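What follows is a single structure, written as structure tokens, with notes after it.
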Amino acid sequence: MSKTKNHILKLLFENRNDYLSGQKISDEIGCSRTAVWKHIKELENEGYSIASVHKRGYKLIDAPDQLSEARIRAGLETERLGHRLVCKDELPSTQKEAQHLAEDGAEEGTVVLAEEQTSGRGRLGRQWHSPKGAGIWMSLIIRPDIQINKAPQFTLLTAAAVVKAVKRATGLDCEIKWPNDILYKGKKFVGILTECQAEAADVKAIIIGIGINVNTDIEDFPDELKDIATSLRIEAGKTFDRAEIIQAILKEIESLYKMYMDEGFHFIKLLWESYAISLGKKIYARKTNGDVIYGLAQGIDDEGVLLLRDDDGHIHKIYSADIEL
Ligand code: BT5
Numbered sequence: 001m002s003k004t005k006n007h008i009l010k011l012l013f014e015n016r017n018d019y020l021s022g023q024k025i026s027d028e029i030g031c032s033r034t035a036v037w038k039h040i041k042e043l044e045n046e047g048y049s050i051a052s053v054h055k056r057g058y059k060l061i062d063a064p065d066q067l068s069e070a071r072i073r074a075g076l077e078t079e080r081l082g083h084r085l086v087c088k089d090e091l092p093s094t095q096k097e098a099q100h101l102a103e104d105g106a107e108e109g110t111v112v113l114a115e116e117q118t119s120g121r122g123r124l125g126r127q128w129h130s131p132k133g134a135g136i137w138m139s140l141i142i143r144p145d146i147q148i149n150k151a152p153q154f155t156l157l158t159a160a161a162v163v164k165a166v167k168r169a170t171g172l173d174c175e176i177k178w179p180n181d182i183l184y185k186g187k188k189f190v191g192i193l194t195e196c197q198a199e200a201a202d203v204k205a206i207i208i209g210i211g212i213n214v215n216t217d218i219e220d221f222p223d224e225l226k227d228i229a230t231s232l233r234i235e236a237g238k239t240f241d242r243a244e245i246i247q248a249i250l251k252e253i254e255s256l257y258k259m260y261m262d263e264g265f266h267f268i269k270l271l272w273e274s275y276a277i278s279l280g281k282k283i284y285a286r287k288t289n290g291d292v293i294y295g296l297a298q299g300i301d302d303e304g305v306l307l308l309r310d311d312d313g314h315i316h317k318i319y320s321a322d323i324e325l
């Protein structure tokens, strides 16, 4: 979408309840009223419904459910995150795209979004099912000045932020399964993948991938996910505005990130623990090397590592595993 058209759309979204005169738009953007009119017509052809009333101007009535830059920016309350938004119809993986952008020096706060991912991925090369228009498939680049051993803390920070944001945007209370799953009534609807670019022990960039099933219907899931996955629409019985959820997530991540940089991991850890379902329960941890440890999930340590006490009282530090409750 051209820059001018994007700007007009942003103004329309920001003034959704009022008419905006053609003159005001052309003054703000610095183009002629005829050019404004032309862009409005183009937007209508793209599916936007815009009322146009003589002497009053234009008013946005309805917009296609599409994650455009203008739609997300209007109502975005962050200072830095989402400063740059890269919105694509289709990508193999937003994570891969964000990795490339970060290598090329993209600034902190850059967000990559796709309506559909053709090779969405989870941890350890697993697939992430990302059908068109049904969810939020996004990757955020941040550049905290930390050592690499602290990077896993950002998975927990993100999970806590997403739980808060989902509650704020939808009213639903969800829970975290260590380290990176967010569940509603035991079914997964969010996955988080945190990847790091580092030089020696210093973090250069953290790429936070977030996948959320928002308006997915049960028949959209492949058979192997039907019993274990869910979506906000399935649970709440209504369709949600994905842009509002993205805005809420970026805002919550920004505020926890600031808290983290000012005060360290302590408060994030407490917040995360308050949402965690596995703590205090006996669980199986299937480690990446295939070993399974059974024990009591005691808590997480200050680096976000899961502490599991086996029946002999031995404490295992679990860095990466799948948890079965
Ligand atoms: C994750 O991995 O849960 C991390 C998923 C991160 C996805 C985001 S989307 C934006 C960004 N771009 C990417 O390419 N990825 C990130 P893991 O813990 O390994 O879980 C993967 C497992 O979750 C799969 O093996 C399935 O069992 C299940 N799964 C796959 N797609 C799902 C979905 N849409 N909803 C629920 N569960 C799913």
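Quick note: the UniProt record's numbering has the sequence shown finishing at residue 325, numbered continuously throughout. Just so you know, even glycine gets a beta-carbon here, dropped at the ideal spot from N, CA and C. Note that the structure is predicted; figures quoted are calculated from it, not measured.
Opening and closing residue of the beta strand (DSSP E) in which residue i lies
i       : result
Ala-169 : Ala-169 -> not in any beta strand (DSSP E); alpha helix (DSSP H) instead, spanning 153 to 170.
Ile-208 : 202 to 213
Ser-52  : 49 to 53
Ile-293 : 292 to 300
Met-138 : 135 to 142
Cβ pair residue i, residue j closer than 9 Å
i       : j       : result
Pro-152 : Tyr-260 : no
Ile-210 : Thr-170 : no
Met-138 : Ile-246 : yes
Ile-136 : Ile-293 : no
Gly-75  : Phe-154 : no
Gln-147 : Ala-205 : no
For residue j and residue i, the rounded distance between their alpha carbons
i       : j       : result
Arg-309 : Lys-187 : 26 Å
Ile-315 : Phe-189 : 31 Å
Gly-304 : Asn-45  : 50 Å
Asp-262 : Glu-252 : 15 Å
Leu-140 : Glu-103 : 13 Å
Lys-167 : Asp-89  : 27 Å
Asp-301 : Asn-215 : 35 Å
Ile-72  : Glu-244 : 7 Å
Thr-110 : Leu-193 : 16 Å
Residue environment, residue i, which counts as buried when at least 16 other CB atoms sit within 10 Å
i       : result
Arg-242 : buried
Glu-115 : buried
Ser-278 : buried
Arg-33  : exposed
Ala-106 : buried
Thr-288 : exposed
Nonlocal neighbours in the same chain, by C-beta distance under 6 Å from residue i, ignoring five residues either side
i       : result
Gln-298 : Leu-307 and Arg-309
Lys-59  : Tyr-19 and Ala-51
Ala-98  : Val-112, Ser-139, Ile-141 and Ile-207
Sequence-distant residues of the same chain with beta carbon closer than 7 Å to residue i, five excluded per side
i       : result
Leu-256 : Leu-157, Ala-160, Ala-161 and Ile-268
Gly-191 : Gly-122, Trp-128, Asn-180, Asp-181 and Gly-211
Cys-87  : Leu-67, Ser-68, Glu-69 and Leu-113
Pro-92  : Gln-117, Thr-118 and Ser-119
Ala-229 : Lys-187, Lys-188, Phe-189, Asn-213 and Phe-221
Lys-177 : Leu-183, Ile-277, Ser-278 and Ile-323
Leu-271 : Ala-160
N-terminal and C-terminal residue of the alpha helix (DSSP H) that residue i is part of
i       : result
Val-36  : 33 to 45
Asp-223 : 223 to 226
Min CB distance residue i to chain B below 9 Å
i       : result
Gly-135 : Here there is only one protein chain, and chain B is not present.
Residues of its chain near residue i, where Cβ-Cβ distance is below 8 Å and the 5 sequence neighbours each way are ignored
i      : result
Ala-35 : Thr-4 and Ser-26
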